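These notes are about the structure you will find just below.
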Amino acid sequence: MVDYYSALLRAVNAPGAGDEEWRRRLYERARNLLAQQLRARRPPLSAAEFASEQAALDSAIERIEAEMEWTERDTDAPERGPIPEPTRWRGTVWFALALVAAALGASGYSYWARTRTNTAAPPQAAQAAAKDGELPPGTDGGSTEADLPYVFRRQPTFYRTLEPAGTIIVDRLQHFLYLIQPNNVALRYGIAIGAQCVNLVGLRHIGSMAEWPSWQPPPGMIDRNPNPMPGGPGNPLGARLLQLDDKVSRIHGTNAPKTIGNTVSFGCIRLVNDDVVDLAGRVKVSTRVVVN
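Here it is in structure tokens:
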């Protein structure tokens, strides 16, 4: 994953950097450059990989803006000067974009080698690591994923919303779950979206919670795994189950942490087990869940 944060941070602190509107235009150009770079890659990126890189850039932008807001508020720092003259603006912007482009170029080959190729893997490994990181029921992939991209790891982030603190907001398209905190902050968790909830939208509430729930195979999996499973490692529902009040949708753990950031065939809103345990410890029955 490209270190967009470091590249943009150098740009917004460079001589000639401007105010909030100046930074907004810088971020927009960086987003456009990133999209062009990603579309030009061969072989082409999957939708999940494309979204992951875009989300990483957005996360870096949110982090920089949150840090600048907190710094100015806590230190009473004077505002930067007026927006630079056009020639100076262009020079500083292209300095930032050059940093982003250089970071993309340096990381491209290693990123693809890590995420797209593994031609020497034995057949057994190919079968164990199913499409999108899915694992068969009964196989324990661990409580988290060491190689999970930074953007999908649990972290506080700047987040503006009219929803009250304590609300869960699920962003299905970006594969994030936010637990709203006071003062425009949210705890962000990476998620995978299962087919059961790919079209879920609207307001729900947590109806019940369970530790290490038992699992019943869904109809589409009956032929491959007809046996229910008790709670425990390897269970597809993972370490916690937060059943929503529609009695169909749910937030749960997983036995396959590599699926985070993807849209998968089974389940609903899944987190790695470490994250779902953390989330369950922060919420309660009746917590609002807004799905976008």
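Sequential numbering from 54 applies to the sequence shown in my numbering. For every residue, glycine included, the Cβ atom is placed at its ideal position computed from N, Cα and C. Here the structure is a predicted model, which is why all the values come from computation and not from measurement.
Any beta carbon from chain C within less than 8 Å of residue i's own beta carbon?
i: A248; result: Of the chains in the structure shown, none is chain C; there is only one protein chain.
If you check the beta carbons only, do residue i and residue j fall under 8 Å apart?
i: I246; j: L295; result: no
i: G191; j: P310; result: no
i: S318; j: R257; result: no
i: I244; j: I117; result: no
i: S17; j: P289; result: The structure shown has nothing for residue 17, since the chain only spans 54 to 345.
i: I313; j: V325; result: yes
i: M274; j: V338; result: no
i: I221; j: L230; result: yes
i: P209; j: L253; result: no
i: G186; j: N315; result: yes
i: V344; j: V223; result: yes
i: G291; j: N280; result: no
i: T197; j: D298; result: no
i: L61; j: I114; result: yes
i: V320; j: Q269; result: For the sequence presented, residue 320 should be read as Gly rather than Val. No. Outside cutoff.
i: G287; j: D200; result: no
i: F211; j: A119; result: yes
i: R293; j: G306; result: yes
Kindly give me the distance between the Cβ atoms of residue i and residue j, rounded to whole angstroms, as I take these residues to be in contact under 8 Å.
i: L226; j: L332; result: Contact flag wrong, Cβ pair sits at about 20 Å.
i: Y57; j: A101; result: Going by Cβ atoms, the distance from Y57 to A101 rounds to 18 Å, so no, they are not a contact pair.
i: R213; j: N237; result: 5 Å
Could you give the residue range of the alpha helix (DSSP H) that holds residue i?
i: D224; result: Element bounds for D224: not the alpha helix (DSSP H) but the beta strand (DSSP E), I221 to D224.
i: Y80; result: E73 to R92
What first and last residue would you give for the beta strand (DSSP E) that runs through residue i?
i: V238; result: V238 to G243
i: V336; result: V336 -> no beta strand (DSSP E), and no H or E assigned at all.
i: Q208; result: Q208 to F211
i: R303; result: R303 to H305
i: Y58; result: Segment Y57 to V65 is the alpha helix (DSSP H) holding Y58; no beta strand (DSSP E) there.
i: Y203; result: Per DSSP, Y203 belongs to no beta strand (DSSP E) and is neither H nor E.
Based on the DSSP secondary-structure assignment, which residues constitute the bridge partners of residue i?
i: E264; result: R293
i: F229; result: D224 and G243
i: V317; result: G247
i: V343; result: I222 and L256
i: M282; result: W268
i: R323; result: A245 and H305
i: Q234; result: V238
Buried or exposed for residue i, going by 16 or more other Cβ atoms inside 10 Å?
i: P131; result: With a pLDDT of only 47 at P131, under 50, the local geometry of the prediction cannot be trusted, and the value read off the model is given with reservation. Looking at its Cβ environment, which holds fewer than 16 other Cβ atoms inside 10 Å, P131 is exposed.
i: E106; result: buried
i: A83; result: buried
i: A173; result: Confidence in A173 is poor, its pLDDT being 39 and thus under 50, which makes the residue's placement too unreliable to answer from.
i: N203; result: The sequence as given places Tyr at residue 203; Asn does not occur at that position. Y203 comes out exposed.
i: S99; result: exposed
i: A104; result: buried
i: S59; result: exposed
i: A70; result: buried
i: V251; result: exposed
i: R335; result: exposed
i: E73; result: exposed
i: R76; result: buried
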